Every structure is written in C-alpha cells, then in structure tokens.
Amino acid sequence: MSKPMLIDQANLSLAWAEAYLAARDARGHVISPLVVSFTGFDADGPLEDEHVRDAVDTALEGSDMQSVQTVANTIFPQVLWRRAKGDRAAFYQSYLESLPDYVAMDSSQNRRGLYFGRLIAYGHDHRNGERLDSYPEGSIPEDGNQIEVIISNCKPGVQKMKLQASVFDPSRDHVNDARLGFPCLQHITFLPCFDSETLSMNAFYATQQLFRKGYGNFLGLARLGSFVAGESGLTLDRLSCFIGMEKMESGNGPAKGLGDALTEACEQTLEHTRALAGGA
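Given below as structure tokens:
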C-alpha cells in the first residue's frame, strides 16, 4: 500500500522537481495519493527556475512528447489572453472560434476536447461549438462559461462554494474506452481571502502522468489562477493539486539517456535552494 505524500514548495519548478525525484524512486514509479502545493506568483503566473524548466523541455522534446507550453495551453491559452488586451469577452470568443481548429491540429491528443474548452463552454461540442442535446439552452449559467461565473461571484458576501468548475462530464466521459486519456483533471475550486486580497486555487486529478504532462499542467493551472485572481481584483498566492495517482511508468518517463540530465537539474536546484534557506 502506498503512502500519501505532500510536497510544499516556494515555486512551481521546485515543486515539480521534488515530485519527479520522488516518483523516480517510488515503487513502480507511482505515488498515490500526491498533493503538490506551491506559492510564488506574479501577474502573469508562476515564478519558475530556468534550469529546471529548460531541462524538462529538453527531455520532453527528446522523448517526442508535447512541450511544457503546449500542455499548459490546453488549460489556459496565455497568448490569446495577452492578445485580447484585457477584454474577457473577446478572449473567450477568440478561443471558442478557434477551438475546432485546435482539436483538429492534434486529433489523436485532443479528440475528446481541451480543458479550457470545458471550462468556458461546458455542455458544448468541442468539434463544432454546438450545444449538446443533454444541455438545453438556459440549463447552465453563462452558457457554460464556468470561469466567468466564478469571476462574477468572487466578491465578499457570496458563498465560496460557488467558486468551482467541473471538467469531468458523466454524459461524455463515463465510456468504455480502454485508454480514456481525457480528462485527467476533474475539478477546480477557488478560495478568496478579501482581507489579504489573495486567492488560493485547488485542482483535482484522478490520475496524472508526471513527466509527460505534470509540469505543463501545473503551469497552465497557475496561469488560469492568476487570470481569475487578477480579474477579481486579487492576487494568486497558492496553488494546490490533489492527484489520486501520480504516474511515471515505462513509456511515460524520459527516453533512454535523457533521465540523468533531468535528475541532475532537479537535484542541483533543490540542493541550492536548501543551501540558501540554511544560510538565511
């Protein structure tokens, strides 16, 4: 029986590095459950250690896997938000107009949809944008834009239980596919503290492939949290991810010859951080 593990770090890179080393050493390269929590954000998202980030991207590229940025964009398309220049309506519209094209760009990976699409158009078909028969018009607030509902309700006096969004949809996702693939992210919640003008975010995963998707997932979630916080007049102060089963089994870790460099980058960065903390 595996033991629960909690990782609490000062930034995304340190948190992922600690999780990676733990999964590398775990029996079967599986940790169940795992909680990864980190701080360290600015207006654009999380602070990162370039040494770790570069090592992750190099290992992903050499393993013929999607880059950190590509994975992060499935949760929050940062470039589109910058292009919208603060106009949320234009941001949402731009994404939804392009969603069928995003799906078609990598049909094998995206055939069941994309996370941001589920978050702002829950109940709509990701292939054509049309409303699903199981969700008639008016059945979901803001026509399925859960993020807009959260931002609109993130204010003093509103029940905090409203500040949550679902990705998993039983009508679409309780199927008999041998390898479902999507969605691993099930649910997100937000907890504001108006006295300190901060926002905490929680994300819940049934399973996650730590090397293949983990860093990009954490980055996308942190950018989404920073977006919600900023649009609510708050600052993101912590992201916590609850993962039922964190995996890095054969075929989903670094390709042969790439793991040593990634391990070294993680170990060196964590050791340097501990040394700095010890000398403070």
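Everything in the sequence shown is counted per the working numbering, starting at 125 for the first residue and increasing by one.
Ideal Cβ placement from N, Cα and C applies to all residues, glycine included.
All values reported here derive from a predicted model rather than from experimental measurement.
Per the Cβ contact rule, the segment 205-219 is not in contact with the segment 175-189 (fewer than 3 Cβ pairs under 8 Å).
The segment 389-398 makes contact with the segment 168-180: 3 or more CB pairs, one atom from each, lie closer than 8 Å.
Taking a contact as a CB-CB distance under 8 Å, the pair residue 138 and residue 397 counts as one, their CB atoms being some 6 Å apart. Runs of the alpha helix (DSSP H) spanning 4 or more residues and lying entirely within the segment 353-387 do not occur at all. Here DSSP, grouped into helix, strand and coil, assigns residue 244 to helix. Contact between the segment 363-372 and the segment 321-334 is present: 3 or more CB-CB pairs across the two stretches fall below 8 Å.
In the three-state DSSP reduction, residue 347 falls in the helix class (H, G or I). For residue 335, the three-state secondary structure derived from DSSP is helix. Its chain contains 390 as the residues whose beta carbon lies nearer than 6 Å to that of residue 144, once the 5 sequence neighbours on both sides are disregarded; these appear in chain order. The residues 371 and 376, in chain order, have a CB closer than 6 Å to that of residue 333 in the same chain once the five nearest residues on each side in sequence are set aside.
Around the Cβ of residue 294, a 10 Å sphere holds fewer than 16 other Cβ atoms; the residue is exposed. Judged by their CB atoms, residue 253 and residue 220 are nearer to each other than the 7 Å cut-off. When only Cα atoms are considered, residue 134 and residue 300 end up about 40 Å apart. Membership of residue 149 in the alpha helix (DSSP H) is indicated by the continuous run 136-149. Contact check between the segment 232-245 and the segment 265-280: three or more CB pairs, one atom from each, fall below 8 Å, which counts as touching.
Note that the C-beta distance between residue 394 and residue 141 is below 7 Å. Exclusion of the five residues before and after residue 275 leaves 352, 355 and 356 as the residues of its chain whose Cβ lies within less than 7 Å of its Cβ.
Assignment of residue 274 by DSSP, reduced to helix, strand and coil, places it in the helix class. Here residue 314 really is in contact with residue 287; their C-beta atoms are around 4 Å apart, less than 8 Å. Assignment of beta-bridge partners to residue 317 by DSSP yields 322. By the beta-carbon neighbour count (other beta carbons within 10 angstroms, threshold 16), residue 227 is buried.
For residue 290, the enclosing beta strand (DSSP E) covers residues 288-290.
A residue is called buried once 16 or more other Cβ atoms fall within 10 Å of its Cβ, and residue 235, having fewer, is exposed. The beta carbon of residue 259 sits closer than 6 Å to the beta carbons of 247 from its chain, once the five residues preceding and following it are set aside; these are given in chain order. Taking 7 Å as the cut-off, the Cβ atoms of residue 361 and residue 322 count as close.
Restricting attention to 230, 225, 264 and 257, the CA atom closest to the CA of residue 244 is found in 264.
A direct Cα-to-Cα measurement between residue 194 and residue 233 gives close to 11 Å. The C-beta separation of residue 170 from residue 343 comes to about 7 Å, placing the pair in contact by the 8 Å criterion.
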